[in-house]
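What follows is a set of notes on a single structure, which appears directly below.
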Amino acid sequence: MKKLLLPIDGEKLSERTLEYVKELGIVQGYEVTVLHVIPYEEALSHPHLATVFGLHNSTFEHVAEEMVTKVAQQLTEAGIENVATKVKKGNPAAEIVAIAEGEEFHMVLMNTHGFDATKRLMIGSVTNKVVHNCYVPVLVIQ
1 MKKLLLPIDG EKLSERTLEY VKELGIVQGY EVTVLHVIPY EEALSHPHLA
51 TVFGLHNSTF EHVAEEMVTK VAQQLTEAGI ENVATKVKKG NPAAEIVAIA
101 EGEEFHMVLM NTHGFDATKR LMIGSVTNKV VHNCYVPVLV IQ
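Anchor point for the sequence shown: position 60 equals 60 in full-length UniProt numbering, and the numbering is continuous, going up by one each time.
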């Protein structure tokens, strides 16, 4: 079975992305893995924040697990039978590339946030980094 990696950064897929995943997942028989990478900075939450707000790594992990579970549920409700979830910590672009290549995915499907060129240049883009560093085909939904 072919494997599709679906990295997310929120708990809801855009309608457009969901349509692409449905089409690929159902028609072409892909196994879909919903991935969220907790950015390294968040994963190392400052001790002062942990004390003041009660934030711990387990909090970030719990929120991330809920996120991927909700998206997996959306996909299952849309008729895709083979859906898995995965949560990692680290640099999002690097982790996505490592997982896509290391676990032999056939395609990565990512969406953009519609940043203009200036903002993308200043803040960097996970999608852009994945496209330029991944040997696995990347389908970008705008």
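Yeah, the Cβ is synthetic: ideal placement off N, Cα and C, and Gly gets one too.
Under the DSSP definition of a beta bridge, Glu31 partners with Lys3. Apart from sequence neighbours up to five positions away, the residues of its chain that approach Thr112 with a beta-carbon distance below 7 angstroms are Thr127, Val140, Gln142, ordered along the chain.
Residue state for Ala64 is assigned as helix, using DSSP reduced to three classes.
Ranked by Cα distance from Gly25, the first of His36, Asn82, Asn91 is Asn82. Under the three-state reduction of DSSP, Asn91 is assigned to coil, being neither helix nor strand. Gly90 and Leu4 have their C-alpha atoms spaced approximately 21 angstroms apart. Spanning the alpha carbons of Val136 and Glu101 requires a straight line of approximately 6 angstroms.
Collapsing the DSSP output to three states places Lys129 in a helix. Excluding five sequence positions before and after Asn133, the CB atoms of its chain that fall closer than 6 angstroms to its own CB belong to Val97, given in chain order.
Residue environment for His62: exposed (fewer than 16 other C-beta atoms within 10 angstroms of its C-beta). Boundaries of the beta strand (DSSP E) around Leu139: 138 to 141. If you draw a straight line from the Cα of Thr76 to the Cα of Lys2, it is about 17 angstroms long. Of all alpha-carbon atoms in Lys86, Gln74, Ala78, the one lying nearest the alpha-carbon of Glu65 is that of Lys86. The residue among Val131, Leu18, Ala93 with its C-alpha nearest the C-alpha of Ala72 is Leu18.
Remark: C-beta atoms of Lys22 and Ile80 approach each other more closely than 8 angstroms.
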